[in-house]
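Residue numbers (the working numbering): 9 to 142. Let me begin by presenting the structure, written as structure tokens, before commenting on it.
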């Protein structure tokens, strides 16, 4: 697979974050162009198809993919990312976690993995309140 570019990568936690309403055609804010419409719509469809391939590839290699849209509140985005980080840390620190599952969480050199998943947490923190991720 070609190089994958994401907006935010947390390699130690194997979390990749992507966003963009126009280029990935958010359902709430569908892409609309006035000039060269067929070219741009085809390009955006190719982007979406690539997004699906990237998600599948990242999932195969153990990464979590989070996709956010420009219309989402920053606090909600931060909440989802923090919740995902907390879940990873809980799994890593859990006495039930096996050594093998922890090894699988380590990043393979030069690879990303991802799965879209809805993450919900009761805490909302502003960017200023975010803990530093080692």
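Heads up, the beta-carbon is just placed ideally off N, CA and C, and yes, glycines get one too. Values in this document were obtained by computation on a predicted structure and should not be read as measured data.
TODO: Counting only the same chain and skipping the five closest in sequence on each side, list residues whose C-beta sits under 6 Å from that of residue 76.
DONE: Its chain contains 27, 85 as the residues whose beta carbon lies nearer than 6 Å to that of residue 76, once the 5 sequence neighbours on both sides are disregarded; these appear in chain order.
Task: residue 42 burial status per 10 Å Cβ neighbour count (16 or more: buried) - done: Sixteen is the threshold: since fewer than 16 other Cβ atoms of the shown chains lie within 10 Å of the Cβ of residue 42, the residue is exposed.
Open item on the list: Please classify residue 57 as buried or exposed, where buried requires at least 16 other C-beta atoms within 10 Å of its C-beta.
Closed with: Under this definition residue 57 is an exposed residue.
- [ ] Could you tell me whether the stretch 44–54 touches the stretch 91–102, using the rule of 3 or more Cβ pairs below 8 Å?
- [x] Touching, no, given that fewer than three Cβ pairs across the two stretches are closer than 8 Å.
Task: Test item: CB-CB of residue 25 and residue 16 under 8 Å - done: Yes, Cβ-Cβ distance for residue 25 and residue 16 is below 8 Å.
Open item on the list: Quick check: the Cα distance between residue 62 and residue 13, rounded to an integer number of angstroms?
Closed with: Those two C-alpha atoms are separated by around 10 Å.
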